[in-house]
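Chains as they are written, first to last, in our numbering: chain A, -19 to 75; chain B, 8 to 488; chain C, 275 to 757.
Ideal placement from N, C-alpha and C gives every residue a C-beta, glycine not left out.
Keep in mind that this is a model prediction, so the values were computed, not measured.
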């Protein structure tokens, strides 16, 4: 099933990527080409096969409940695009 | 049309860990913005989460307490969406394989019956930060101190049929998590937050109506009001020929109404998938067996025991068991004082109104359980009367010391020496010779009332310290005599 | 001095033939002089390097020893390096000075290495040609018109051009092994979980693994020794002891069972590469190895599965680049959505955006089972193939790449064409196995690599085979003209 331009727009919105109008046809073609490659999977018989999420199939290690971090706000905010009074600034959030 | 209300709740409880669920940042409430936001909490490039064992323990404790299946192979998944208070662009949560599966909780209804509410699941996840909307020249400010605080999201079945039932359920969850010591239950600070899924359907209809989700209701009172106003809105809407649309709404306590949340209107596609940075959490049966032995006695068992062991009424038992701290306080008083009913009375009535007046919780009570128990001993051995005890209690509350110290210092010890009481009575009767005459002339019916007068005078003369039973007895024989 | 390997440098520093500072200054000068032809560095960290070299000399003077004390290296520019720009080859992170050190960076620094700089790479490690970097394409020192491979193309080109003896790389679908092959280096992708991912900016978390790139297996052993080990900060790090890799180099290959998967020698493989691979097999046979033909029947499904799993994980991993806390932020966003869309649309290059969209689509409602879950099932089939194969052989050998390094720009029109270049390397990432590429000759002056794969945690075995091979061949000693 090939993606249409509107599908690509929807995906780009989900991924919050501002696409160039002019690039849309090219992007749509490229995605369809990749999905064409990916769709070769559908021919593989995977009945009864458990999905493998991690190669080594280990289990999660747990951390002791100890506070190990101290306040590093100034250091971390030195690389932030926009801050004020210790807060990260973004365009107004409307709820 | 008769409408039936259907309510399901999602309760987010912040787990009372020292550090965050995936980082070593503190979880203290109310710190300066972003001072508790580490590299991990900020979602810096290259950082990785490591799971806090205490969050796992607490979730398991909850699961055991609601008799749930524990997900012995549970998996963290990423819930993907963009929002400024969500630093990574995804929330680490659990989807297909949560840590706590199906369980249930019994709630006591006002009519005295008990209703069992099904709990669908409870899963671990990380809390988001906060957006502050004060005007920074048209911007919002983001504080990520709360980001990464461990949450246990408890999802109920849609089995509640009124706002009152919903509140009773939330209260039961609130009591339970505090009993378990896994959440401080501080709703004002957002430690326990509730999303209410509300729908209505004609009575007798099997299918559910379209539901609305009221987000983040943060007090028992508001839960009841939010649900009632939403129910009213839905009824009016349908009866006016309209249709409920599935959406997220926000309760405005000032207007007592819910309104649609524009920001959440857009249909979300969260693209859940197993978090590749975290491995499946495996919980061994032996671990659960050990944990089970650490479970405290929970409210239902406690209520039952209070009735059978102490002979308390169901009402008293429920009140006393409503919080772990109160139950412990009561039991300590009863053990020291040696009389459970007396202890129950004092804890519920005198202590209750004192705490109410001071606006504090029982763990900050100015009178300790040891002090109150000690005072009950003095009531029981007749050192003081119940009436004097109130004076002693007030003095203990004012910080004057233990009951014995206060009785001693203020000379409140009850007089039980008959000779001494007789002396007081003789003096009192002599001073009221006229009334004695009248009493003796009066008929049986009038005497009752007049007798009370003499008792009052006698107690007054003894500054309340004469033993009331002895006063009665001696006075009767003197007047009749 | 630039011809020295890490092992030779260790000996030179130990016998005081030169100091770390002298060596560092010489290499920095060489980088400044020659790298403009290659574009292999994004940042050259002169001051840091000299300070580290002086510190290493001081430590040595105080009696400390160690194979990596004073060893000059560079890091692929996705390893976070404290207060140094860590760009991931992206405009998105052009201004990002990392606020912390990656575990790999910290461990190697503690061992006394000297960081000469940060190497160029495909943007966010997405590419096989090092053409998608915001900082421009890297050129292959063997032929400046050709690509060096990717995504660790900067590390590969720099080491191949003798700008320095070794560098770190990362490998998600072949990004160490493929550029190593195309530039005549030895490169090792360790077992998933062997090297900490803390501070290694993620592309696809369940596939990414850092590893060494050098000219010899001996040097890879030295560098891996400094990189590997359990890290409590990485939940996927494995708590297994790290063997002495240098000690494993000298074992005999007598009786070593080498499996040649027939699927690796089918259509699509350049026959000239096939001939060189067969020649390397002959050399190994002379060393006592026994050759067996094996089958990895699901190999052909690896690329489709990879191009679901990697983009899916990437789409989520790259959501944090939103212009709020670090990195690129668009000018004058008019609202929140505009901030996100323009910061990401302007900050990410086109290949990164394509993969984010593929991944977003593969995870979206209604497609998850058909794409993501299906790919994870194929992933298990591929792992099962290897488990079965390793019942009968000790290592698996084949070509690293189906083709020689192509001309810059030759595969730009169709992204899928470049994806197919990863056909032999991707399976090791899906299965989490260690893999190594070693130089095995030249075709038309362009290098050819041979890939070796081994069971989990047998990096030592891979290094052993490569080292023994390098004792009887000299491909790894050849230098490109002009370097």
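Other residues of its chain near residue 109 of chain B: CB distance less than 8 Å, five sequence neighbours each side excluded: Taking the first residue of the second chain as 1, we reach residue 109 of chain B at position 102. Only 75, 76, 125, 126, 127 and 128 meet the Cβ criterion.
Return the bridge partner residues of residue 68 of chain A from the DSSP annotation. The residue given as residue 68 of chain A occupies position 88 in the first chain. In the DSSP output, where bridge partners are listed per residue, residue 68 of chain A has A:63 and B:149.
Take residue 691 of chain C and list the residues in its own chain whose beta-carbon comes closer than 6 Å to its own, dropping the five residues that flank it on each side. Here the question's residue 691 of chain C lines up with position 417 in the third chain. Taken in chain order, the residues that qualify are 685.
Tell me, please, whether the CB atom of residue 232 of chain B is closer than 8 Å to any CB atom in chain C? As a first step, residue 232 of chain B must be located in the second chain, where it is residue number 225. With 8 Å as the cut-off, residue 232 of chain B does not count as an interface residue toward chain C.
Please state whether DSSP places residue 10 of chain B in a helix, a strand or coil. In the second chain, the residue the question calls residue 10 of chain B occupies position 3. Residue 10 of chain B: strand per DSSP, three-state reduction.
Taking DSSP's pairing of strands, which residues face residue 258 of chain B in a bridge? Working through the second chain from its first residue, we reach residue 258 of chain B at position 251. Answer by DSSP bridge pairing, in chain order: B:265.
For the beta strand (DSSP E) that contains residue 483 of chain C, what are its first and last residues? Here residue 483 of chain C refers to the residue found at position 209 when the third chain is read from its first residue. Looking at the DSSP string, the run of the beta strand (DSSP E) that includes residue 483 of chain C is 483 to 488.
So what does DSSP say about residue 51 of chain B, is it helix, strand or coil? Numbered from 1 along the second chain, position 44 holds the residue referred to as residue 51 of chain B. Coil, per DSSP.
Residues bridged to residue 400 of chain B (per DSSP): The sequence position of residue 400 of chain B within the second chain is 393, counting from 1. Per DSSP, none; premise fails for residue 400 of chain B.
Along chain C, which residues have their Cβ under 8 Å away from the Cβ of residue 13 of chain A? By 1-based counting over the first chain, the position of residue 13 of chain A is 33. The answer, in chain order, is 688, 689 and 690.
How many Å lie between residue 351 of chain B and residue 411 of chain B at the Cα? Indexing the second chain from 1 puts residue 351 of chain B at position 344. Indexing the second chain from 1 puts residue 411 of chain B at position 404. Computed Cα separation, rounded: 21 Å.
Below 6 Å CB to CB, which residues in the same chain sit around residue 276 of chain C once its five sequence neighbours on both sides are set aside? As a first step, residue 276 of chain C is located in the third chain; it is residue number 2 there, counting from the start. Correct list, in chain order: 304 and 436.
Cross-chain neighbours of residue 48 of chain A in chain B, by beta carbon under 9 Å: Translated into the one-based positions of the first chain, residue 48 of chain A becomes position 68. Within chain B, the residues near residue 48 of chain A are 26, 30, 31, 32 and 45.
Candidates C:469, C:630 and C:533: closest to residue 505 of chain C by CA position: If you number the third chain from 1, residue 505 of chain C lands on position 231. Nearest option by C-alpha distance: C:469.
Chain-ordered neighbours of residue 66 of chain A on chain C, where CB pairs are closer than 7 Å: Within the first chain, residue 66 of chain A is the residue found at index 86, counting from 1. Chain C residues near residue 66 of chain A: none, gap ~13 Å exceeds 7 Å.
Please work out which residues of its chain come closer than 8 Å, Cβ to Cβ, to residue -11 of chain A, disregarding the five sequence neighbours upstream and downstream, and give them in chain order. Here residue -11 of chain A is taken as the residue at index 9 of the first chain, counted from 1. Hits under 8 Å: -1 and 4.
Return the residues of the stretch 318 to 347 of chain C that lie within a Cβ-Cβ distance of less than 9 Å from chain D, sorted by chain order. In the structure shown, chain D does not exist; the protein chains are A, B and C.
What is the DSSP secondary structure of residue 346 of chain C, counted as helix, strand or coil? Numbered from 1 along the third chain, position 72 holds the residue referred to as residue 346 of chain C. In this structure, residue 346 of chain C counts as strand in the three-state DSSP scheme.
Could you tell me the boundaries of the beta strand (DSSP E) in which residue 672 of chain C lies? Within the third chain, numbered from 1, the residue matching residue 672 of chain C stands at position 398. It spans 669 to 673 - the beta strand (DSSP E) in which residue 672 of chain C sits, taken as one unbroken run.
Nearest to residue -9 of chain A by alpha carbon, out of C:408, C:613, C:656 and C:639? Looking up residue -9 of chain A in the first chain gives position 11. With distances taken between Cα atoms, residue -9 of chain A lies closest to C:639.
Which same chain residues, not among the five before or five after residue 236 of chain B, have their C-beta less than 8 Å away from its C-beta? Translated into the one-based positions of the second chain, residue 236 of chain B becomes position 229. So the qualifying residues of the chain are 258, 263, 264 and 265.
Can a CB atom of chain C be found closer than 8 Å to the CB of residue 53 of chain A? Counting from one through the first chain, the residue named residue 53 of chain A turns up at place 73. Cβ-Cβ to chain C under 8 Å: no for residue 53 of chain A.
Inter-stretch contact (C-beta, 8 Å, three-pair minimum) for the stretch 336 to 356 of chain B and the stretch 310 to 326 of chain B: yes
Indicate whether at least one CB of chain A lies closer than 8 Å to the CB of residue 657 of chain C. Here the question's residue 657 of chain C lines up with position 383 in the third chain. Interface residue, yes.
For a contact defined as C-beta to C-beta under 8 Å, what are the partners of residue 176 of chain B on chain C? Working through the second chain from its first residue, we reach residue 176 of chain B at position 169. Per Cβ cutoff of 8 Å: no residues; residue 176 of chain B is ~31 Å from chain C at best.
Per the contact definition of three or more C-beta pairs closer than 8 Å, is the stretch 648 to 655 of chain C in contact with the stretch 30 to 43 of chain A? yes
Distance CB(residue 172 of chain B)-CB(residue 116 of chain B) smaller than 8 Å: For the purposes of this step, residue 172 of chain B is identified with residue 165 of the second chain, where counting begins at 1. For the purposes of this step, residue 116 of chain B is identified with residue 109 of the second chain, where counting begins at 1. In contact: residue 172 of chain B and residue 116 of chain B (Cβ atoms closer than 8 Å).
When the distance is taken between beta carbons, is residue 48 of chain B closer than 8 Å to residue 151 of chain B? As a first step, residue 151 of chain B must be located in the second chain, where it is residue number 144. As a first step, residue 48 of chain B must be located in the second chain, where it is residue number 41. Contact flag set, yes.
Unbroken alpha helix (DSSP H) run spanning residue 67 of chain B, endpoints: Looking up residue 67 of chain B in the second chain gives position 60. Its alpha helix (DSSP H) spans residues 60 to 72.
Short check: CB of residue 672 of chain C to CB of residue 558 of chain C, under 8 Å? Residue numbering aside, residue 672 of chain C sits at position 398 when the third chain is read from its first letter. Residue numbering aside, residue 558 of chain C sits at position 284 when the third chain is read from its first letter. Against a cut-off of 8 Å, the Cβ pair of residue 558 of chain C and residue 672 of chain C comes out as no contact.
Note down, in chain order, every chain C residue with its Cβ under 8 Å from the Cβ of residue -3 of chain A. As a position in the first chain, residue -3 of chain A is number 17, starting the count at 1. Within chain C, the residues near residue -3 of chain A are 615, 618, 619, 622, 627, 630 and 631.
Which of helix, strand or coil does DSSP assign to residue 568 of chain C? In the third chain, counting from the first residue as 1, residue 568 of chain C sits at position 294. Three-state result, residue 568 of chain C: strand.
Using the C-alpha atoms, what's the distance from residue 401 of chain B back to residue 418 of chain B? On the second chain, residue 418 of chain B is found 411 positions in, with the first residue counted as 1. On the second chain, residue 401 of chain B is found 394 positions in, with the first residue counted as 1. Answer to the nearest angstrom: the Cα atoms are 15 Å apart.
Over the uninterrupted beta strand (DSSP E) stretch that includes residue -14 of chain A, give me the two end residues. Walking along the first chain from the start, residue -14 of chain A turns up at place 6. Premise fails: residue -14 of chain A lies in the alpha helix (DSSP H), -15 to -6, not in any beta strand (DSSP E).
Report the partner residues of residue 115 of chain B according to the DSSP bridge assignment. Looking up residue 115 of chain B in the second chain gives position 108. B:121, per the DSSP bridge assignment.
Tell me the rounded alpha-carbon separation between residue 329 of chain C and residue 380 of chain C. By 1-based counting over the third chain, the position of residue 329 of chain C is 55. By 1-based counting over the third chain, the position of residue 380 of chain C is 106. Distance between the alpha carbons of residue 329 of chain C and residue 380 of chain C: 15 Å.
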